[in-house]
Amino acid sequence: MSAVPQITLHRLGAEPLRQALAEVRAPHLPQSQMSDHYAQGNGALHRALQAKVAHLVEALGPQLRRPRPQWHGATADVLALDLAFVEHPQQPFELAWVEIQAFTSMLPTFHTLHQAQRRLHGLDPRWLPHDPAPYGVSWAEHLRRWVAPKPATVLIEDRPRERATWPDLDAARHWWQVAVHDWSELIPAHGLLYHPGTARHFGHVWNRLILSDLPRFERQRAEATLIAADKVGWHSHPAWYEGIHKGSLADVALADHEACHWVENSPLRASGWQAAHACVAKAVAGHSGSGLLLAPTAEQLAALPTPRQWIVQNRFRQTPIGVHPDTGKPLFGEVRCMLGVEPGRPPWVMAWILRLSTNGIATLTGRHTLPGEGMTMLYFDAAAA
Numbered sequence: 105m106s107a108v109p110q111i112t113l114h115r116l117g118a119e120p121l122r123q124a125l126a127e128v129r130a131p132h133l134p135q136s137q138m139s140d141h142y143a144q145g146n147g148a149l150h151r152a153l154q155a156k157v158a159h160l161v162e163a164l165g166p167q168l169r170r171p172r173p174q175w176h177g178a179t180a181d182v183l184a185l186d187l188a189f190v191e192h193p194q195q196p197f198e199l200a201w202v203e204i205q206a207f208t209s210m211l212p213t214f215h216t217l218h219q220a221q222r223r224l225h226g227l228d229p230r231w232l233p234h235d236p237a238p239y240g241v242s243w244a245e246h247l248r249r250w251v252a253p254k255p256a257t258v259l260i261e262d263r264p265r266e267r268a269t270w271p272d273l274d275a276a277r278h279w280w281q282v283a284v285h286d287w288s289e290l291i292p293a294h295g296l297l298y299h300p301g302t303a304r305h306f307g308h309v310w311n312r313l314i315l316s317d318l319p320r321f322e323r324q325r326a327e328a329t330l331i332a333a334d335k336v337g338w339h340s341h342p343a344w345y346e347g348i349h350k351g352s353l354a355d356v357a358l359a360d361h362e363a364c365h366w367v368e369n370s371p372l373r374a375s376g377w378q379a380a381h382a383c384v385a386k387a388v389a390g391h392s393g394s395g396l397l398l399a400p401t402a403e404q405l406a407a408l409p410t411p412r413q414w415i416v417q418n419r420f421r422q423t424p425i426g427v428h429p430d431t432g433k434p435l436f437g438e439v440r441c442m443l444g445v446e447p448g449r450p451p452w453v454m455a456w457i458l459r460l461s462t463n464g465i466a467t468l469t470g471r472h473t474l475p476g477e478g479m480t481m482l483y484f485d486a487a488a489a
């Protein structure tokens, strides 16, 4: 048993994966964003990831429990936690925090892809890309108590069918039989949300709407609508997207190689940003690759708005975890841990998602990738955990 974290990539093949995805009979996924690989991590990697996640959740405890605006159901119940594989002087790699956010993303796609891969890789069922579900309960049914505990559940987004994420939203309809609607199509009625077009009342909301992305007037209207629905249950409450975000990393004590600071508190600021090349800057409200300065100048850093709008993080070097089978280029990876948070029980890992790329950039929305790149599963031996 190795005491050093290790990860191994295995290729399934683009055409076999395409056929397996068709056999799953779930909504179409853009295979250009799916890797035709899967990965296995050893016990040391699993323990290292668990330790990183546990430390972060403990450090964020006060923020996770802090009351949000007077808005029914405003509790934190999901975290999306991204880590990169970076250089280490003695080991194959170490882990570094990239960002954290409080939203549900890619879980339906994750399940579709996992079902397709299960048809191909022949791994023992004890190898799982998530924490084990309770005995006799499937992952999808266990997740239902979070995402769609009521038959009348609506998934809300801003113009969902126009988004590159529509296949993921459509897969949510398939796996959990939820309705998907634009938030603007819904009106509050008797504390619930009502859709005039279908004459349905919804008692539970699976939120994919990021309020800060809306123009000011639309945001005010959306908040008024959702606040008025004071009897609905929530999954991924919209108030928490701004309650826990990548800026929260600046409030956590981290290792030197991944340390973050609010731009106004950065030790580099006192020197006039003479070592600007040693950091990257990230906007708190940025996501999907937006609000990111990978090679900032001193002038750019000095001009960033404050307070608590941007963070700076020590620049780290990603290290390859594999080689692209067609091009021979190094493959870099980021792990996304989708974590379920619920009062009175330990956090539960809903998904270990691995995103592979040849340029170290994990954001794949709108990109056409080579077969070795894209989203896939990271499996661990649950029996050995």
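Counting in this note's numbering, the sequence shown runs from 105 upward without gaps. Glycine is no exception: its CB is placed at the ideal position from the N, C-alpha and C atoms. Only a predicted model underlies this, so the values are computations on that prediction, with no experimental measurement involved.
Thinking just about the alpha-carbon of each residue, which of the options is nearest to the one in residue i?
{"i": "Tyr436", "options": "Thr112, Pro300 and Gln413", "result": "In the sequence as displayed, the identity of residue 436 is Phe instead of Tyr. It is Thr112 whose Cα lies nearest to the Cα of Phe436."}
{"i": "Thr216", "options": "Val202, Ala126 and Arg421", "result": "Ala126"}
{"i": "Ala237", "options": "Lys433, Trp279 and Ala455", "result": "Ala455"}
{"i": "His114", "options": "Thr213, Leu149 and Gly145", "result": "Gly145"}
{"i": "Leu397", "options": "Pro411, Thr410 and Ile415", "result": "Ile415"}
{"i": "Leu358", "options": "Leu121, Pro173, Ser106 and Glu203", "result": "Glu203"}
{"i": "Ser106", "options": "His132, Ser136, Pro131 and Leu149", "result": "Leu149"}
{"i": "Trp280", "options": "Val258, Pro292, Leu482 and Arg421", "result": "Val258"}
{"i": "Pro255", "options": "Pro424, Gln205, His294 and Val336", "result": "Val336"}
{"i": "Ser242", "options": "Arg265, His218, Arg449 and Gly226", "result": "His218"}
{"i": "Met210", "options": "Pro292, Ala407 and Leu133", "result": "Leu133"}
{"i": "Leu330", "options": "Glu289, Ser375, Gln154 and Leu164", "result": "Glu289"}
{"i": "Gly351", "options": "Gly390, Ala374 and Ala333", "result": "Gly390"}
{"i": "Gln205", "options": "Leu164, His428 and Trp175", "result": "Leu164"}
{"i": "Pro451", "options": "His159, Gln110, Thr213 and Ala118", "result": "His159"}
{"i": "Pro424", "options": "Gln324, Met481 and Arg459", "result": "Arg459"}
{"i": "Gln110", "options": "His308, His192 and Ala332", "result": "His192"}
{"i": "Ser394", "options": "Gly240, Ile465 and Val284", "result": "Ile465"}
{"i": "Ala333", "options": "His308, Val356, Met481 and Thr480", "result": "His308"}
{"i": "Met481", "options": "Phe207, Val161, Leu227 and Pro292", "result": "Leu227"}
{"i": "Val284", "options": "Val356, Thr302 and Val439", "result": "Thr302"}
Below 8 Å CB to CB, which residues in the same chain sit around residue i once its five sequence neighbours on both sides are set aside?
{"i": "Pro319", "result": "none"}
{"i": "Arg267", "result": "Glu261 and Leu273"}
{"i": "Asp430", "result": "Leu474, Pro475 and Gly476"}
{"i": "Pro131", "result": "Thr216, Pro271, Asp274, Ala275, Arg277 and His278"}
{"i": "Ala496", "result": "This structure does not reach residue 496, given that the chain is present from 105 up to 489, and the question cannot be answered."}
{"i": "Asp317", "result": "Asp262"}
{"i": "His361", "result": "Val190, Glu198, Ala200, Asn418 and Phe420"}
{"i": "Leu313", "result": "Ile260, Glu261, Asp262, Trp287, Ala326 and Pro342"}
{"i": "Gln404", "result": "Ala380, Ala385 and Leu397"}
Just to confirm my understanding: we take residue i, look at its own chain, exclude 5 residues before and 5 after, and list those with CB closer than 7 Å. What are they?
{"i": "Glu327", "result": "Leu315"}
{"i": "Gly470", "result": "Because the pLDDT at Gly470 is just 46, under 50, the model does not fix this residue reliably, and the value given afterwards should be weighed accordingly. Contacts found: Ala268."}
{"i": "Asn311", "result": "Ile260, Trp338, His339, Ser340, His341 and Pro342"}
{"i": "Val157", "result": "Leu185, Cys441 and Leu443"}
{"i": "Gln413", "result": "Ala387 and Val388"}
{"i": "Val108", "result": "Ala148, Gln195 and Pro196"}
{"i": "Ser370", "result": "Val416"}
{"i": "Pro173", "result": "Ala343"}
{"i": "Val282", "result": "Ala252, Thr257, Val258, Leu259, Ala276 and Trp310"}
{"i": "Gln422", "result": "Ala188, Phe189, Val190, Phe436 and Gly464"}
{"i": "Ala152", "result": "Pro109 and Leu199"}
{"i": "Glu119", "result": "none"}
{"i": "Gly426", "result": "Leu113 and Leu435"}
Using C-beta distances below 6 Å, list every residue in its chain close to residue i, excluding the 5 sequence neighbours before and after it, in chain order.
{"i": "Leu116", "result": "Asp140 and Leu224"}
{"i": "His305", "result": "Leu296 and Tyr298"}
{"i": "Leu372", "result": "Ala379"}
{"i": "Ser461", "result": "Phe436 and Glu477"}
{"i": "Ala93", "result": "For the chain, the structure presents residues 105 to 489; residue 93 sits outside this window and is missing."}
{"i": "Pro400", "result": "Ala380 and Ala385"}
In the DSSP output, what is residue i paired with across the bridge?
{"i": "Leu397", "result": "Ala385"}
{"i": "Ala143", "result": "Leu113 and Leu482"}
{"i": "Ser495", "result": "One cannot answer for residue 495 here, as it falls past the ends of the chain, which runs 105 to 489."}
{"i": "Glu446", "result": "Arg449"}
{"i": "Gly426", "result": "Leu435"}
{"i": "Trp456", "result": "Cys441"}
{"i": "Trp344", "result": "None, per the DSSP bridge assignment."}
{"i": "Gln417", "result": "Cys364 and Val384"}
{"i": "Asp186", "result": "Glu203 and Arg440"}
{"i": "Val309", "result": "Val258 and Trp338"}
{"i": "His299", "result": "Arg304"}
How about residue i: is its C-beta nearer than 8 Å to some C-beta of chain E?
{"i": "Gln281", "result": "Absent from the structure is chain E; it holds one protein chain and no more."}
Could you tell me whether the region 175-191 touches the region 443-457, using the rule of 3 or more Cβ pairs below 8 Å? yes
At least 3 beta-carbon pairs within less than 8 Å: the region 336-349 vs the region 375-383: no
Is there contact here, the region 360-367 with the region 150-169, by at least three beta-carbon pairs under 8 Å? no
Mind listing, in chain order, the continuous alpha helix (DSSP H) runs of no fewer than 4 residues lying wholly within the region 228-296? 243-251 and 270-280
Residue ranges of each beta strand (DSSP E) within the region 188-232, 3 or longer: 198-205
Contact between the region 140-159 and the region 475-484: three or more CB pairs below 8 Å? yes
Would you call the region 478-487 and the region 239-258 touching, i.e. three or more CB-CB distances under 8 Å? no
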